[in-house]
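A quick write-up on the structure given underneath.
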Amino acid sequence: MSEKEITAKVEKLTAVKGMNDVLPPDSAGVEWLENKVRSLMARYAYRNIRTPIVERTPLFIRGLGEVTDIVEKEMYSFDDRLNGDPLTLRPEATAGVVRAVIEHAMLYDGGKRLYYIGPMFRHERPQRGRYRQFDQIGAEALGYSGPEVDAELILLAVALWKELGLTDVRLELNSLGQPQERALHRQALIAHFEQHAEVLDEDAKRRLYSNPLRILDTKNPAMQAVVSAAPRPLDYLGEASLAHFNTLKSILDANKVSYLVNPRLVRGMDYYNLTVFEFTTDRLGSQGTVCAGGRYDYLVEQLGGKPAPAVGWALGVDRVLELVKEQGLGAVGPTLDAYAIVPDSTALPLVLKTLQTLREAGIHVQMHTSSGAGMGSMKSQFKRADSSGAHYALIFGADEIAQNLVTVKSLRDGSGAQITQPLDAPADWATTLQLRT
Ligand code: ATP
Ligand code: MG
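Reminder that position 230 of the sequence shown reads as 230 in the numbering used here, one-by-one numbering, no gaps.
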């Protein structure tokens, strides 16, 4: 390659690996999901919170725990060029939400139910269902300690699957207990793994004393036997923790939500206690977890707030939409009611004025535009109108305009029927164009 060619190659500006463009018509799927979520959150009294995409790095180190996949190897961190502050693109949103809740004393008058939608960033190996920038939708209830709130959040997720038409989503539940119980379990866990040190892989050895719970989550087949025989958090629950778990289960039972208690279920972040859960599917290969969450009663305090219990979940938008597609469901993109055919550009001021009124009345209408000089032949304009999917063509011909009329021609019912409408009163006939479902 010549130097010039090399420069040209380097200068080809492409998206960052693992960070994807979402183009139409796929973007309609994201909007469809977001609209369903917003409407559902409103029905459960969860309010939208929007926190910055960049936070101070120590927030995540303190919040998620030093010995976690995210903090150890997945964060996009950098120093602010102007003052050297260590900053990080948020890898998840719970820490930021808690930071905001503390910073604005949001719990002073009682608990808060919040939800967010937005991009997260993790330096992972890109593959199906795993990206470096990906959207999450999350719900968090802060200031409430009862199992009925864990249940409410799970029921909210279940309602979302129903709303989206998804049937192949399984719920797995576990309880990790409270810190004293976790400490006892941790001791037993370390003792167990010490006895089987010869089968531990590098990751497990490194985590043995810093985060042994995470070893339960290993995907290494060589360690499965030793992990299956390991002490389970459930066996270390005291009376109160058991009661919390049992009440949650009885609410789910009463709502006919099926679940599997998975005693090996742990989560990637350190902040969880008591309830943890995951919604998984077999349809997405190894990236089968679509939504995950649990209780984090000590995080608010850990990040400097007045102690307050909390519980929440986050779902991966990409994985949920992939599942929607996989099940042959999904989004109907925005449809067009009408396409404006403009034989002569002198009509444009009038056309734009008319379309403005139609759009005010809620009509979806696209104006013909040409890439070259002039408006293009009637034939080519009709071809565009057809492929636009619009139900009607509005023809702004010179003869019609001279009589203060516009022709409305049906494109979809095969009849080709056409009528004329008065040009000076589009608001009066706008709704006759509305065939959208
Ligand atoms: P995994 O075990 O798959 O790495 P995780 O425990 O890191 O998941 P969470 O941090 O709990 O995931 O995030 C909640 C949800 O966000 C996941 O269940 C998944 O649907 C989605 N998610 C997580 N990481 C990614 C990613 N890199 N790309 C796309 N979606 C992701
Ligand atoms: Mg991960």
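Note that beta-carbon positions come from the ideal geometry of N, C-alpha and C, so glycine has one too. All figures in this text were calculated on a predicted structure; none of them were measured in a lab.
Check: residue i C-beta below 6 angstroms from any heavy atom of the ligand ATP
i: Arg122; result: yes
i: Glu148; result: no
i: Thr289; result: yes
i: Ala314; result: yes
i: Arg182; result: no
i: Glu92; result: yes
i: Phe134; result: yes
i: Asp318; result: yes
i: Arg130; result: yes
i: Ala310; result: no
i: Ala465; result: With the chain covering 1 to 437 only, the question about residue 465 has no answer from this structure.
First through last residue of the beta strand (DSSP E) which encompasses residue i
i: Gln421; result: 418 to 422
i: Glu172; result: 170 to 175
i: Ser77; result: 76 to 79
i: Gly256; result: The amino acid at residue 256 is misidentified as Gly; the sequence shows Lys. Segment: none, Lys256 is in no beta strand (DSSP E) and carries neither H nor E.
i: Ala141; result: 133 to 142
i: Arg295; result: 289 to 295
i: Thr407; result: 405 to 410
i: Leu89; result: 86 to 89
C-alpha gap between residue i and residue j, whole angstroms
i: Tyr298; j: Leu321; result: 33 angstroms
i: Tyr236; j: Phe193; result: 17 angstroms
i: Gly362; j: Leu155; result: 35 angstroms
i: Thr437; j: Lys12; result: Any reading at Thr437 must be qualified, since the residue scores a pLDDT of 49, below 50, and its modelled position is unreliable; the value itself is stated next. Each residue's Cα considered, the two are about 43 angstroms apart.
i: Pro179; j: Ile49; result: 29 angstroms
i: Thr432; j: Leu336; result: 14 angstroms
i: Tyr296; j: Leu176; result: 11 angstroms
i: Lys219; j: Tyr116; result: 30 angstroms
i: Leu213; j: Arg81; result: 38 angstroms
i: Trp429; j: Trp32; result: 29 angstroms
i: Trp161; j: Val365; result: 33 angstroms
i: Arg38; j: Leu252; result: 23 angstroms
i: Val226; j: Gly312; result: 31 angstroms
i: Val406; j: Leu394; result: 7 angstroms
i: Val22; j: Arg128; result: 15 angstroms
Residue i burial status per 10 Å Cβ neighbour count (16 or more: buried)
i: Val16; result: exposed
i: Gln381; result: buried
i: Ile137; result: buried
i: Met269; result: buried
i: Asp282; result: exposed
i: Asn174; result: buried
i: Gly84; result: exposed
i: Pro309; result: buried
i: Gly96; result: buried
i: Lys409; result: buried
i: Arg43; result: exposed
i: Gly238; result: exposed
i: Glu55; result: buried
i: Thr275; result: buried
i: Thr167; result: exposed
i: Pro231; result: buried
i: Gly374; result: exposed
i: Thr94; result: buried
Residue i - containing alpha helix (DSSP H), residue span
i: Gly96; result: 94 to 103
i: Gln195; result: 179 to 195
i: Met41; result: 26 to 43
i: Gly63; result: 57 to 64
i: Val149; result: 147 to 164
i: Phe382; result: 378 to 387
i: Glu317; result: The sequence given here has Val at residue 317, not Glu. From DSSP, the alpha helix (DSSP H) with Val317 extends over 317 to 326.
i: Pro233; result: Element bounds for Pro233: n/a, residue is neither H nor E.
Distance cut-off 6 angstroms: residue i Cβ against heavy atoms of the ligand GTP
i: Pro334; result: For the structure depicted, the ligand GTP is absent and the ligand set comprises only the ligand ATP and the ligand MG.
**Request:** Go through the residues and name those whose CB comes closer than 6 angstroms to any heavy atom of the ligand MG, in chain order.
**Result:** Asp69, Gly268
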